[in-house]
Every structure is written in structure tokens, then in C-alpha cells.
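In the working numbering, the protein residues as written are 270 to 845.
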RNA sequence: GCCGGUGUAGCUCAGUGGUAGAGCAGCUGAUUUGUAAUCAGCAGGUCGUGGGUUCAAAUCCCUCCGCCGGCUCCA
């Protein structure tokens, strides 16, 4: 079924839900009820506060409306007429919507006594909606503005067939199983605690192993690409944040006092990198300079937005600042973009959604530089054959930017790399270089990340693989399961050989049965479980069980080592 | 921050005003085990926090905190 058809189905479902709510409750004022990916919602303003039990009641009512097979009738009326109609009905939000509509004629849809303003189109009658489910309740500000009243939103989903609905509901379950917060605990990767503080992750040994693998990869690749590594302090005096402007714009920072001096915890690494730049006179001959730091920053995110590793208060950016000549912008952006895609691909992300944000109404810098930088970003995208969308006017005031969102195994999008040109900070910090003309010129600054934040990326990575990491990323690559105590010696020999080859292995020494050891290793999503008993010890071989269930007997240790090393070196994501 | 939900053992959850429970995990013991859970026993909780109502509160009310689903914002 094509997308438009589904859209119509869901839109009609939203209308049926609105009718059901209107019939069930008094004084309901309708907000808007659009379709969204995989479903629909409708916003309501009413005295009654919905509870999860109400969803069932509303669904029941919707079924009645569907059973009656009420026709949906389109009418076109003038804006004025519509305004009168909705004013009379006390539909204040619809009247508010009408204020913003310029067309002289609007369409309304009637189904029985229920009327809603709507562009349409709709199904012919309510009976054509068959497979739907109301999912959850939420609060939402009218028109998304927190100065407006908050409405109650009901989310639902609707599909053409029962099979598709069931598939979708199963997918929701699958998503829940892959939730990085759940896997983080189950795989003993990280945890967060009320005692430590909200939005602050603590890495456990396995999580730290995974993080170091990611960080080592980043360091190596940055080195290859001509970045120089720097380190900056976590706290810096408030004055530098005044120079950067973060202080005045009330950036959500943490400030505190040391012996009468105000300090702030860094929410960004740029000022320190600029400081490195300014520590000596710079010549055009030495540009571009690329300073890289795995910089841990803290931002005071509002409590309601925190979410596992994906939205935290303390995180580490794979942050770099490139200082270059205006005519180097293009090559630098091209290189940065290639780098970002290379890294994402290495970690198994093959699909992206790329956004180019251009000059907003209020901006700093010259028209010419904006033009040049925006063109550079475009050219870099096109040279990389990346399809992208332009978000006109959505750039930050200091420069245009590229945002890359990655698509995971379940088709969800995650904020990843960003590349931003900055005309503001070089100005504010009065950065200069000496040109061939022996005069002082302003360098251009590019902020860029490859993965974004290590925390967020790890969260996305955990969900992408559902915790079943490819060999090179798996915190534990091999679990050795001796059948009885008498095999512990042989197991230790194997462990030592694996460890000597930089393979991350453990022995399951518990006095448990083999089925129990296998089950535990399987639940931990360990790539290989090596079972050793009398037969193996005698023949000096291994029985190797892969995570996907296949069992190989009589394997030589050397073969296994080579196989694992090969997978690690190629960063293969082939299942074992 | 705002709206709604929610908080009981390490984890998953039961317990609606009258003596805090289960499974898994943990510990102890027995079992020496061949590809997704061997058996038994033991231990573990000021029921998120502070206050209130009551003869009596995990249970009812209020405060604060955390978490979950959204809104808004972002790496």
C-alpha cells in the first residue's frame, strides 16, 4: 500500500478518535490531529484528565463509530463562515488556526454530527478503518509553544491489514528489547543512578572496554588525517565564556565560585582550542590547523529531556576545530565529511539523513563569507554523492552547518556528526594570521564532530546491534566453558593464548552444567563460546559455538585465533 | 521546565487500611555435568524522600526526588 493511502487511512482514524472523544466527554476543544510516521495523534483540551484506562474506552467508542460506517462528507465554505461555525461551537483552537490561514475558502469534513476543519482527503466512510490501536498519552503545548496551554495528546497507529498492525506492534516490542538502557544493564556496560545524579553515566568495565575501542579508533583515524591532539581543562573562568558569548546568551552552563572568581564548567571545547591557536603568531603557511580533543563537556539539560545515553548532562564529544584560510574551507569540509561517513560506515551505519542549514534572518559575518561557506558545504555533499535536504534559514547565527542523522537497523534516526562553519568566534576572540602580504587576516573556524558524542553514539550503536556487537567491538569475544573442573588447566592454556593475541576472553569457572554456561554466554551475546572437555583436551582442539547457534567440533586454537583476528582487523560485521 | 504515568529485594514483578511476597540473580551444600536454566537450603527490603490522616499506612492525602511516555531544546 502506498504512503498516501496509509496517510489517508490514519488521518481518518484521527478523526474517528476525535469523534469518539467528543462523544464520550463534555466540553472537548479539539487541537490538531495529523498523521505521523506509523500513525496519528490528536490533541484535546478538556477538563477530564485521560488515564490509560480511558484509551480502552475510547477505542471501544471508535469501534462503534466504525461499525456505523458513517460517511465522511467534504464541504467547502468561506473562511468567514468557518470562523462563525467554529466560534459558535466554542472550538477556540480551530478559530486560532483560521487566523493563520490565508485562503478565502477552507474545507471541512462531516461525519454524522462531528465536524472538523481539515484539508483532507479522507476515506469515504468510517467503516473503512479496521486495524488500529491507541498507544499512549502525552502532554503537548498548543502549536508547540511552551507559553501556550498544554493539551492532552493521544497517539495511535492504524494499518491496512491485521498483519501489518501486528508486525508494527511486534516491532515496538523489538525496539523495547533493544533499548540501550535495558541492554546497558543486562550486558553490564554502564549505569546511571539517582545517587550519582540524573543524566550522568557511569561506565562499567565492559562498557569502558567498548568505549576505549571507539576512542582508540577515533584517535588513530584523526592522527592519519593530520589532526593534532589537545587537552583542555573542564572548568574555565567565566570571563572566557563572556568573550565567547555563551555567558550573555545564557547557555545552559554550570557556574560556581572559586576564591571570589566565577568559573564555569565547559559546555564546549572551542575556547580552549582557540587559546591554543592564539598561543603564538600564526602564518598562512601553517594553516590549516586542526585541533582534536575527546572533550568531556557538561550542559544543564532540562530534567524532562534526559534519556539514557542519548540525552545526558555530561558527555564527551569527538570534537575538532579547524582553523583555515577562506579558500581552504571547501577542501576541509570535504575531508571532514568523508571522514565522518567513513567512520559511520565502519561502525555499521549505512544509511543517513543529511540536512544542510542555511543563513537565518539574524546572522553575523559577511554575506560573501556565508555564500562561500554554504557553497563549500553543498559542494562537499555533492562531491560525496550524498543526497541531502536544505533547511533554509535554520542555520545557527554564526554560520551554516551540515547535520548527519544515522539510520539504525530498525530505521530510526539518530543525531550523529555535525560540521559547522563559524564566522563569529574568530571575530570575538580577535584571531588573526599573517598573510603573504604581511598583513593580519581573520582565519575561518570549522567546528566538526565525527560521531557527535561518544555517549550518544554508543547508545545508538547498542541499539543498532541489539547488543550483539561485531567481533571487533564485543567487550568479551570468547567465553571458555570447561565441562568439568579437571578441564580448567586446559581452559587456562587457551585463555592465555587468546589473551596473548589481544583477544578478549574469559573462563566460565562456575560449577555449572554446559547448558547453563552456554545459555549465559548466549544471553550476554558473546560471539564465541568455546566448550572444552575430555575429547578436546586429548586431541588439543576446541568445540566452538557461534552466537547464532552453529557448532563446530575439533577446531584448532590457531585457526580460531586467526579467524577472530581477521574479523577484528577487517572490522567485519558478519555474524558468527 | 511543562503535562501524564510510575517508584516494593541487585533484576522482573505480585501485594487497595490490619504480621512485606514470588521467580531469577547472590551465598552455602550436594551434583563433575557435552551446546539456551541440576537440585536443596539460607540470606536479602526503615515498600524513593519528608510530612500528614488513622488505633493501624507499601496501600489514603500533600511535598520533594528519580525514572518512563511526550512537548520544547540539543551532541
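Ideal Cβ placement from N, Cα and C applies to all residues, glycine included.
Cβ-based burial, residue i [other Cβ within 10 Å; buried from 16]
i, result
"residue 646", "buried"
"residue 626", "buried"
"residue 521", "exposed"
"residue 669", "buried"
"residue 628", "buried"
"residue 782", "exposed"
"residue 872", "In the structure as shown, the chain begins at 270 and stops at 845. Residue 872 is therefore absent and cannot be evaluated."
"residue 771", "exposed"
"residue 746", "buried"
"residue 732", "buried"
"residue 419", "exposed"
"residue 586", "buried"
"residue 811", "buried"
"residue 765", "exposed"
"residue 769", "exposed"
"residue 573", "exposed"
"residue 695", "buried"
"residue 725", "buried"
Proximity of residue i and residue j at Cβ, strictly below 7 Å
i, j, result
"residue 561", "residue 496", "yes"
"residue 473", "residue 487", "no"
"residue 259", "residue 564", "The requested residue 259 is not part of the displayed model; the chain covers only 270 to 845."
"residue 417", "residue 410", "yes"
"residue 298", "residue 378", "no"
"residue 719", "residue 618", "no"
"residue 403", "residue 328", "yes"
"residue 389", "residue 348", "no"
"residue 367", "residue 470", "no"
"residue 713", "residue 602", "no"
"residue 796", "residue 845", "yes"
"residue 688", "residue 605", "yes"
"residue 499", "residue 545", "yes"
Euclidean distance between Cα positions of residue i and residue j
i, j, result
"residue 323", "residue 302", "18 Å"
"residue 335", "residue 447", "35 Å"
"residue 823", "residue 277", "60 Å"
"residue 838", "residue 702", "42 Å"
"residue 315", "residue 643", "47 Å"
"residue 540", "residue 501", "9 Å"
"residue 533", "residue 843", "46 Å"
"residue 780", "residue 654", "57 Å"
"residue 737", "residue 743", "8 Å"
"residue 383", "residue 576", "39 Å"
"residue 452", "residue 680", "19 Å"
"residue 542", "residue 633", "21 Å"
"residue 836", "residue 282", "49 Å"
"residue 809", "residue 757", "14 Å"
"residue 693", "residue 494", "26 Å"
"residue 804", "residue 825", "13 Å"
"residue 332", "residue 791", "44 Å"
DSSP beta-bridge partners of residue i
i, result
"residue 347", "374"
"residue 715", "591, 690"
"residue 511", "Paired residue(s): none; residue 511 is not in a bridge."
"residue 405", "424"
"residue 400", "428"
"residue 256", "The structure shown has nothing for residue 256, since the chain only spans 270 to 845."
"residue 394", "340"
"residue 576", "580"
"residue 820", "814"
"residue 683", "675"
"residue 379", "342, 384"
"residue 531", "526"
"residue 419", "410"
"residue 625", "659, 671"
"residue 564", "586"
Closest by C-alpha distance to residue i, when choosing among the options
i, options, result
"residue 279", "287, 304, 296, 289", "304"
"residue 492", "559, 549, 380, 480", "559"
"residue 312", "412, 656, 517", "412"
"residue 684", "510, 482, 484, 675", "675"
"residue 455", "476, 441, 318", "476"
"residue 789", "750, 804, 803, 759", "750"
"residue 624", "650, 800, 514, 537", "650"
"residue 678", "444, 359, 427", "444"
"residue 639", "658, 596, 274, 672", "596"
"residue 831", "740, 691, 805", "740"
"residue 442", "735, 648, 422", "735"
"residue 514", "722, 697, 841, 308", "697"
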